[in-house]
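K.L.:
Dropping a structure here in structure tokens format, bear with me for questions.
Numbering (this note's numbering), first residue to last: 8 to 249.
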């Protein structure tokens, strides 16, 4: 193909990468450019240079397609504040913490991020329990003599201010702890990171490869996530796990 064709196909791949819910199996054109990237080294080098110039890291998978993460300096990076613009003030304070705890619950062991075949399944209830535990830990830090980040402590104060989960409630609330977690999970699903699996324990969600890559990028440049990853999880029997 000509240089013009290569440049055009690189743009096509970029366009598909911005549609995270699509996969190569659903569209012949997407499958074609993914195959070119995987089978033609010169084309792959061109695409990598184009994405790299925009501060984007690209991984192309035959099944999942183009998976893109943005470096901290990239103008295309989406921040938590941008995600939460439409949320009310209370939700805005805790959404970042909930996002981190979803990642923590889905990948409790760092080695899981290196497994390309891993699909993590978790429930809303398990994330709520993880957030409750994180809030307790930060509250203890704030009351003790150890160092505590006031902004992080405030996030979890806001979490504790939310109504707790009502196990026997006939109607779901969008403003209690489970409702906020579900709201974040739905957002991640709309962005192609999670898949809804059912209503067990407030909602069951499965990760997609795109989420694993995003969490791996978060681990690389987020000190906050590394600190959160040191918090113990709580299993369904109430016992702490690492």
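The beta carbon of each residue, even a glycine, is placed where N, CA and C say it ideally should be.
Is the Cβ-Cβ distance between residue 165 and residue 105 less than 7 Å?
P.N.:
No, Cβ-Cβ distance for residue 165 and residue 105 is not below 7 Å.
K.L.:
Could you check the C-alpha separation between residue 247 and residue 117 for me, to the nearest Å?
P.N.:
Bear in mind that the predicted position of residue 247 carries a pLDDT of just 37, short of 50, making it too unreliable to give a figure here.
K.L.:
Take residue 51 as the anchor and find which of 130, 133 and 73 has the nearest alpha-carbon.
P.N.:
The candidate whose alpha carbon is nearest that of residue 51 is 73.
K.L.:
Just the Cα atoms here: how many angstroms apart are residue 8 and residue 27?
P.N.:
If I take the Cα positions, the gap works out to 27 Å.
K.L.:
Tell me where the alpha helix (DSSP H) around residue 200 begins and ends.
P.N.:
Where residue 200 is concerned, there is no enclosing alpha helix (DSSP H), given that its DSSP letter is neither H nor E.
K.L.:
Answer yes or no: do residue 53 and residue 22 have a C-beta to C-beta separation smaller than 7 Å?
P.N.:
No, these two residues do not count as a Cβ contact at 7 Å.
K.L.:
Mind the definition here: the region 131–144 touches the region 177–191 only if three or more C-beta pairs lie below 8 Å; say whether that holds.
P.N.:
Yes, since at least three Cβ pairs between the region 131–144 and the region 177–191 fall closer than 8 Å, the two stretches touch.
K.L.:
Note down the Cα distance separating residue 29 from residue 37, rounded to an integer number of angstroms.
P.N.:
Straight-line Cα distance between these residues: approximately 9 Å.
K.L.:
Give the DSSP bridge partners of residue 64, in chain order.
P.N.:
DSSP output for residue 64 lists 76 as bridge partner(s).
K.L.:
Give me the residue from 12, 221 and 168 with the minimum Cα distance to residue 138.
P.N.:
The residue with the shortest Cα to Cα distance from residue 138 is 168.
K.L.:
With distance defined between alpha-carbon atoms, name the residue in 201, 159, 69 and 112 nearest to residue 42.
P.N.:
Among 201, 159, 69 and 112, the Cα nearest to that of residue 42 is on 69.
K.L.:
Just to confirm, are residue 112 and residue 220 a CB contact at a threshold of 7 Å?
P.N.:
No; because the gap between Cβ atoms is not below 7 Å, this pair is not in contact.
K.L.:
Have a look at residue 61 and residue 147 and give me their C-alpha separation to the nearest angstrom.
P.N.:
Roughly 42 Å between the two C-alpha positions.
K.L.:
Following the continuous alpha helix (DSSP H) through residue 24, name the residue where it begins and the one where it ends.
P.N.:
Element bounds for residue 24: 10–24.
K.L.:
In terms of residue numbering, what span does the beta strand (DSSP E) encompassing residue 213 cover?
P.N.:
Where residue 213 is concerned, the enclosing beta strand (DSSP E) stretches over 211–214.
K.L.:
Which residue's Cα is closest to the Cα of residue 141: 120, 121 and 109?
P.N.:
If we check each option's Cα against that of residue 141, 109 comes out closest.
K.L.:
When you compare only the Cα positions, how much space is there between residue 249 and residue 218?
P.N.:
Reliability of the predicted coordinates at residue 249 is poor, the pLDDT of 38 falling under 50, and no value is obtained from them.
K.L.:
Could you check what DSSP says for residue 182 in three-state terms: helix, strand or coil?
P.N.:
In this structure, residue 182 counts as coil in the three-state DSSP scheme.
K.L.:
Tell me whether residue 80 is buried or exposed, calling it buried when 16 or more other Cβ atoms sit within 10 Å of its Cβ.
P.N.:
Flag for residue 80 reads exposed.
K.L.:
Does residue 30 come out as helix, strand or coil in the three-state DSSP assignment?
P.N.:
Correct three-state label for residue 30: coil.
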